[in-house]
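Numbering (this note's numbering), first residue to last: 98 to 416.
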């Protein structure tokens, strides 16, 4: 009896099967006062609070707390999001007959649609023509020659004979180390062995890379001439020769080394390599260089509409 009396419920004294209506209801006043509401049976009327104030009617309190829709439900929903345009493969790099490795490299670079100069240049280079590309800085000239070169090197190496020691199949000449390293960074998105030969890099490391064998060499004129003199680099297997930034490389400071490489190229190669010359401007020095050094090579000019124009996003400072 001792433990049972402690846990006795209010309805425990009712006979078995008695209806719940006979049970005594719990007092509602304490709960209503704690919630700040009037007691039951007084809805619609004000009630005094414990602090002497007046409670608002329940109906008014409920109506004031309910949100009111500002837009009628019959008005249709209009989205402000921009419409998604369908991607057209005919306008992407897929329109060119590139190998799968080239397309995967483009995905790594995050490039999907060719620029105007790439549209003009890539088909000509895939046909094996030598070209002189004249286009504004920042329009994609590097990819316009890198993609066809990579594609052709992969196509002609199905047996896996390349690369061979000291015998690259493509050479890209840049005037500065920064441009050479920038071009090398693009090339390394594709499954070919490549190396940069430029001042500031380790000469011994370059020598070991060339002797081990690379497909593409990117370098400055003086460093390439140095490796040619040491026979770390041979030209007899070169199939693609690129002179980038021609308006700089054909100037008096670089012209001698550039002409020396071209002379060795024509003497050592059994077949005439594909020559690619790129620039943003065609100066008198460039015209003279093309006429004297490449007079025997048929160069197809590709001139973009924005050639000889300053890019609008470039800030020029005169000191």
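Glycine included, every Cβ here is placed at the ideal spot set by N, Cα and C.
A quick note: this is a predicted structure, and the numbers were derived from the prediction, not measured.
Original post:
Is DSSP giving residue 101 helix, strand or coil here?
Top reply: Position 4 of the chain shown holds residue 101. Confidence at residue 101 is low in this model, with a pLDDT of 48, below 50, so the placement of that residue is unreliable and no value is reported for it.
Original post:
Taking C-beta to C-beta, are residue 236 and residue 214 nearer than 9 Å?
Top reply: Working through the chain shown from its first residue, we reach residue 236 at position 139. Working through the chain shown from its first residue, we reach residue 214 at position 117. Closer than 9 Å, so yes.
**OP:** Taking all protein chains shown into account, decide if residue 401 is buried (16 or more other Cβ within 10 angstroms of its Cβ) or exposed.
**Re:** Start at 1 with the first residue of the chain shown, and residue 401 comes out as number 304. With 16 or more Cβ atoms within 10 Å of its Cβ, residue 401 is classed as buried.
Subject >> Simplified DSSP assignment, three categories, for residue 402 >> reply: The count along the chain shown starts at 1 and reaches residue 402 at position 305. Note: residue 402 maps to coil in three-state DSSP.
Subject >> Alpha-carbon spacing of residue 204 relative to residue 255, whole angstroms >> reply: Here the question's residue 204 lines up with position 107 in the chain shown. Here the question's residue 255 lines up with position 158 in the chain shown. So the two alpha carbons sit approximately 23 Å from each other.
Subject >> In DSSP terms, what residue 207 is bridged to >> reply: The residue labelled residue 207 in the question sits at position 110 within the chain shown. According to DSSP, residue 207 bridges with nothing at all.
**OP:** Report the residue from 330, 281, 372 and 321 whose alpha carbon sits nearest the alpha carbon of residue 218.
**Re:** For the purposes of this step, residue 218 is taken as the residue at position 121 of the chain shown. Out of 330, 281, 372 and 321, 372 has the C-alpha closest to the C-alpha of residue 218.
**OP:** Give the straight-line distance between the Cα atoms of residue 413 and residue 275, rounded to the nearest whole angstrom.
**Re:** By 1-based counting over the chain shown, the position of residue 413 is 316. By 1-based counting over the chain shown, the position of residue 275 is 178. So the alpha carbons of these two residues sit roughly 20 Å apart.
Original post:
How would you label residue 83, buried or exposed, when you count the other beta carbons within 10 angstroms and need 16 or more for buried?
Top reply: Since the displayed the chain opens at 98 and closes at 416, residue 83 lies outside it and no answer follows.
Subject >> Expected contact under 8 Å - CB spacing of residue 225 and residue 287 to nearest Å >> reply: As a first step, residue 225 must be located in the chain shown, where it is residue number 128. As a first step, residue 287 must be located in the chain shown, where it is residue number 190. About 19 Å; that fails the 8 Å criterion.
Subject >> Distance, residue 243 Cα to residue 187 Cα >> reply: Residue 187 sits at position 90 when you count from the first residue of the chain shown. Residue 243 sits at position 146 when you count from the first residue of the chain shown. Cα-Cα distance, rounded: 21 Å.
Original post:
Could you give the distance in angstroms between the alpha-carbon of residue 196 and the alpha-carbon of residue 416?
Top reply: Residue mapping note: residue 196 aligns to position 99 of the chain shown, counting from 1. Residue mapping note: residue 416 aligns to position 319 of the chain shown, counting from 1. So the two alpha carbons sit approximately 48 Å from each other.
Original post:
DSSP beta-bridge partners for residue 357?
Top reply: Residue mapping note: residue 357 aligns to position 260 of the chain shown, counting from 1. Its beta-bridge partners do not exist; DSSP assigns none.
Subject >> Inter-residue spacing [alpha-carbon to alpha-carbon] between residue 303 and residue 272 >> reply: What you label residue 303 is simply residue 206 of the chain shown in a count that begins at 1. What you label residue 272 is simply residue 175 of the chain shown in a count that begins at 1. Those two C-alpha atoms are separated by around 18 Å.
**OP:** Go ahead and pull the three-state DSSP assignment for residue 283.
**Re:** Against the chain shown, residue 283 aligns to sequence position 186. Three-state DSSP puts residue 283 in a helix.
Original post:
In the DSSP assignment, what are the bridge partners of residue 419?
Top reply: No statement about residue 419 is possible, as the shown extent of the chain runs from 98 to 416 and does not include it.
Original post:
Do residue 332 and residue 229 have their CB atoms nearer than 9 Å?
Top reply: Position 235 of the chain shown, counted from the first residue, corresponds to residue 332. Position 132 of the chain shown, counted from the first residue, corresponds to residue 229. Contact flag unset, no.
Original post:
Grouping DSSP H, G and I as helix and E and B as strand, with all else coil, what is residue 397?
Top reply: Taking the first residue of the chain shown as 1, we reach residue 397 at position 300. Looking at residue 397 - three-state DSSP - the assignment turns out to be strand.
Subject >> Assumed close pair residue 399, residue 231 - CB separation to whole angstroms, cut-off 8 Å >> reply: Residue mapping note: residue 399 aligns to position 302 of the chain shown, counting from 1. Residue mapping note: residue 231 aligns to position 134 of the chain shown, counting from 1. Contact holds; Cβ gap of about 7 Å.
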